[in-house]
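K.L.:
First the structure, then my questions, so here it is.
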Amino acid sequence: MADTLWIGTRKGLFALRRAGGRWKLTGPQMLGHIIHHVVQDPRDPKRYVMAAKTGHLGPTVYSSSDRGKTWVESMKPPAFPKVTEPLPDGRKAKAVDVVFYVTPGHASQPGVWYAGTAPAGLFRSEDHGVSWSPVAGFNDHPMNPKWAMGIASPAGELLHSILVDPRDANHLYLSLSIGGTFESTDGGKDWAPINQGVMVQFGPETYPEWGQDPHCVTLHPKFPDRLYQQNHCGIYRLDRPGRNWTRIGDNMPKKIGDIGFPIVLHPENPDIAWVFPMDGTTVWPRTSVDGKPAVYRTANGGKTWQRQDAGFPRSQAWWTVLRQAMCRDNGKGPGLYFGTTAGEIWSSANGGARWRCLARHLPQVYSLTFAR
Amino acid sequence: MNRCKIRVASPLRSYTRNAADVTGRGRTLREVLKNLDDDYPGIRFRMIDEQDNIRPHIRLFVGADEALNLDAHVGYGATVHLICALSGG
């Protein structure tokens, strides 16, 4: 099948399809819908799951069983249980506002998907995304009201970066903005924070047990004991079974800093990763630093970083890249891709050495995923 | 059971096969929306969250009166308006 970049935007779903070495833009589908995430099922590549809502309407999920040609709405979208009794401490019963993140379950569990929502909730489907149930082990965990404090980032109290250990279907991670990263070793029945070494610059405690703001957390598909995270407060690496994250962003150039949204890993080499830094100074402009877009690459697990900006505008380009809007393919380069807040799609065929723009004038890009 | 007329805002017409007006049934808004969802599965959750709260950019009217919750009475022959309020660009 043709390589495809699925582009979830603030105003609909688009796709770039590669044919004969050229990328052709198609769409929109779902014009006017807010598309937060579109993900292919590696266990059954004709299947997809898409998280969506509109400006007026509540959140929902669509699935496709024909490679994205047609989409069917979930019969039971992610929703918290109805609360009939007043909650302790005057807490308000949660209602899903956004389905933000979707990911397929373990290879041994066909049909299983996970979804993360705002306010923070973890949901699971066992029928390819047709119906969803709350994961009580996290949503109703006795510590959940403390972990998910209701301090929303501008995009909401997002549950994202749901990671499934390819060696063990019961070993899961998830992350909250704001709340931190959490681990389960029993398939989601119980969870514990895993945030040691991750800084909080915006709270009363600098290194709390939880309460961090991970923007994007990922684990290496071939070496799943290696995790990286792009956090609101730096770039970190974790080597399991260790529990202490190391701030590898301290090795970024000081004038660039180590704030950003996405982080992407090499498909084979766990020491290679890419980030797209943004301006996180003063009032947090969340633009490219100094209006000069650049990707930074490490080839040694974050000890050093190399600027990659060949092909980008040299100045006055004030866009950035959101956390689900940067991806790679599985090629030797590998091919790297990202979508911008200004509606552009950029790609590099050679691991970031040179970039070219594939599409312009799209709505703000929320997610970009590669499919074949 | 009471019958009423339901006026459907354009963002919701993908559920009603593009019909702007459909027939509803029920004595309260809760009953009307439950029956509407039976007829057009999925439409209710886009307007009403799982705690039975009306979503922020949705407004429901029975006749000329805005309903602030689902207990609002719907009289025989009333018109229920499902309105998508302005929500920015």
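Here the protein sequences line up with chains A and B, keeping their order.
309 is the number that this note's numbering gives to position 309 of the first sequence; each next residue is one higher, with no gaps.
Plus 372 on top of the position in the second sequence (first one is 1) and you've got this note's numbering.
In this text, a Cβ means the ideal position worked out from N, Cα and C, and glycines have one as well.
1) Please decide whether histidine 406 of chain A counts as near chain B, where near means a Cβ-Cβ distance under 8 Å.
2) From which residue to which residue does the alpha helix (DSSP H) around phenylalanine 138 of chain A run?
3) Does the distance from the C-beta atom of aspartate 225 of chain A to that of arginine 243 of chain A stay below 8 Å?
4) If the cut is a Cβ gap below 9 Å, which residues of chain B does proline 293 of chain A touch?
5) As an exercise, report each continuous beta strand (DSSP E) stretch of at least 3 residues that is fully enclosed by the region 102 to 185 of chain A, in chain order.
6) Name the chain B residues whose beta carbon is nearer than 9 Å to that of threonine 60 of chain A?
7) In chain order, what residues of the same chain have a beta carbon less than 7 Å from the beta carbon of threonine 246 of chain A, not counting five sequence neighbours either side?
8) Going by beta carbon distance, what residues of the same chain come within less than 6 Å of tryptophan 23 of chain A, once the five residues before and after it are set aside?
9) For the candidate residues A:His128, A:Gly302, A:Thr341 and A:Asp309, whose alpha-carbon lies nearest to that of leucine 322 of chain A?
10) If you follow the alpha helix (DSSP H) that arginine 43 of chain A is part of, which residue opens it and which one closes it?
11) Along the region 425 to 441 of chain B, where does the CB come closer than 8 Å to a CB of chain A? Name the residues.
12) Comparing alpha-carbon positions, which option in A:Arg91, A:Glu209, A:Gly129 and A:Asp44 lies nearest proline 77 of chain A?
13) Taking C-beta pairs closer than 9 Å, name the residues in chain B that lysine 398 of chain A reaches, listed in chain order.
14) Establish whether the CB of glutamate 422 of chain B and some CB of chain A are separated by less than 8 Å.
15) Check the Cβ of cysteine 456 of chain B against every Cβ in chain A and list those closer than 9 Å, keeping chain order.
16) Is there a Cβ of chain B sitting closer than 8 Å to that of methionine 75 of chain A, yes or no?
17) Which chain B residues sit within Cβ distance under 8 Å of lysine 82 of chain A?
18) Can you find a CB in chain B that lies within less than 8 Å of the CB of valine 102 of chain A?
19) Can you tell me where the beta strand (DSSP E) holding glutamate 438 of chain B begins and where it ends?
20) Would you identify the three-state DSSP class for glutamate 344 of chain A, choosing helix, strand or coil?
21) Find out if the Cβ-Cβ distance for the pair proline 193 of chain A, glutamate 205 of chain A is shorter than 8 Å.
22) Do proline 145 of chain A and glycine 180 of chain A count as a contact pair if the criterion is CB distance below 8 Å?
23) Is any beta-carbon of chain B found at less than 8 Å from that of valine 381 of chain A?
24) For threonine 304 of chain A, which residues of its own chain have a beta-carbon under 7 Å away from its beta-carbon, when the five flanking residues on both sides are left out?
25) How about alanine 79 of chain A: is its C-beta nearer than 8 Å to some C-beta of chain B?
26) Span of the beta strand (DSSP E) holding aspartate 393 of chain B?
P.N.:
By the coordinates alone:
1) Beyond the ends of chain A as shown, which are 1 and 372, falls residue 406 of chain A; an answer cannot be given.
2) Start at 1 with the first residue of the first sequence, and residue 138 of chain A comes out as number 138. Where phenylalanine 138 of chain A is concerned, the enclosing alpha helix (DSSP H) stretches over 136 to 139.
3) By one-based count along the first sequence, residue 225 of chain A stands at place 225. By one-based count along the first sequence, residue 243 of chain A stands at place 243. Contact flag unset, no.
4) Within the first sequence, the letter at position 293 stands for residue 293 of chain A. Counting only Cβ-Cβ distances below 9 Å, proline 293 of chain A has no contacts in chain B at all, with the closest Cβ about 25 Å away.
5) Listed in chain order, they are 113 to 118, 121 to 125, 158 to 164, 172 to 177 and 180 to 184.
6) The sequence position of residue 60 of chain A within the first sequence is 60, counting from 1. Against chain B, the beta carbon of threonine 60 of chain A has neighbours under 9 Å at Gly414, Phe417 and Arg418, listed in chain order.
7) Translated into positions along the first sequence, residue 246 of chain A becomes position 246. Non-local C-beta neighbours of threonine 246 of chain A in its own chain, meaning closer than 7 Å and more than five positions away in sequence, comprise Gly197, Tyr236 and Arg237, ordered along the chain.
8) Walking along the first sequence from the start, residue 23 of chain A turns up at place 23. Leu16 and Leu358, listed in sequence order.
9) Numbered from its first residue, the first sequence carries residue 322 of chain A at position 322. Selected option, being the one with the closest Cα: A:Thr341.
10) Counting from 1 along the first sequence, the entry for residue 43 of chain A is found at position 43. For arginine 43 of chain A, there is no enclosing alpha helix (DSSP H), since its DSSP letter is neither H nor E.
11) Those residues of the region 425 to 441 of chain B placed with their C-beta closer than 8 Å to a C-beta in chain A are Asn425, Arg427, His429 and Ile430, ordered along the chain.
12) Counting from 1 along the first sequence, the entry for residue 77 of chain A is found at position 77. When each option's Cα is compared against that of proline 77 of chain A, the closest is A:Gly129.
13) Given a span of 1 to 372 for chain A in the structure shown, any question on residue 398 of chain A remains unanswerable.
14) Here the question's residue 422 of chain B lines up with position 50 in the second sequence. So yes, glutamate 422 of chain B belongs to the interface.
15) Numbered from 1 along the second sequence, position 84 holds the residue referred to as residue 456 of chain B. The contacting residues are Thr54, Gly55, His56 and Leu57.
16) Counting from 1 along the first sequence, the entry for residue 75 of chain A is found at position 75. Output row for methionine 75 of chain A: interface = yes.
17) To locate residue 82 of chain A, count along the first sequence from 1; it is residue 82. Correct list: Glu422, Gln423 and Asp424.
18) Position 102 of the first sequence, counted from the start, is the residue given in the question as residue 102 of chain A. Nearest CB-CB separation between valine 102 of chain A and chain B: not below the 8 Å threshold.
19) Taking the first residue of the second sequence as position 1, residue 438 of chain B is located at position 66. Membership of glutamate 438 of chain B in the beta strand (DSSP E) is indicated by the continuous run 437 to 439.
20) On the first sequence, position 344 is the one that residue 344 of chain A refers to. Glutamate 344 of chain A falls in the coil class under three-state DSSP.
21) Taking the first sequence and counting its residues from 1, one reaches residue 193 of chain A at position 193. Taking the first sequence and counting its residues from 1, one reaches residue 205 of chain A at position 205. Note that the C-beta distance between proline 193 of chain A and glutamate 205 of chain A is not below 8 Å.
22) Here the question's residue 180 of chain A lines up with position 180 in the first sequence. Here the question's residue 145 of chain A lines up with position 145 in the first sequence. No, Cβ-Cβ distance for glycine 180 of chain A and proline 145 of chain A is not below 8 Å.
23) Residue 381 of chain A lies beyond the residue range present for chain A, which begins at 1 and ends at 372; the question has no answer from this structure.
24) Counting from one through the first sequence, the residue named residue 304 of chain A turns up at place 304. For threonine 304 of chain A, where only same-chain residues beyond five positions count, the Cβ hits under 7 Å are Asn251 and Thr298.
25) Mapped onto the first sequence, residue 79 of chain A falls at position 79. Answer yes: the Cβ-Cβ gap between alanine 79 of chain A and chain B drops below 8 Å somewhere.
26) In the second sequence, residue 393 of chain B corresponds to position 21, counting from 1. For aspartate 393 of chain B, the enclosing beta strand (DSSP E) stretches over residues 393 to 397.
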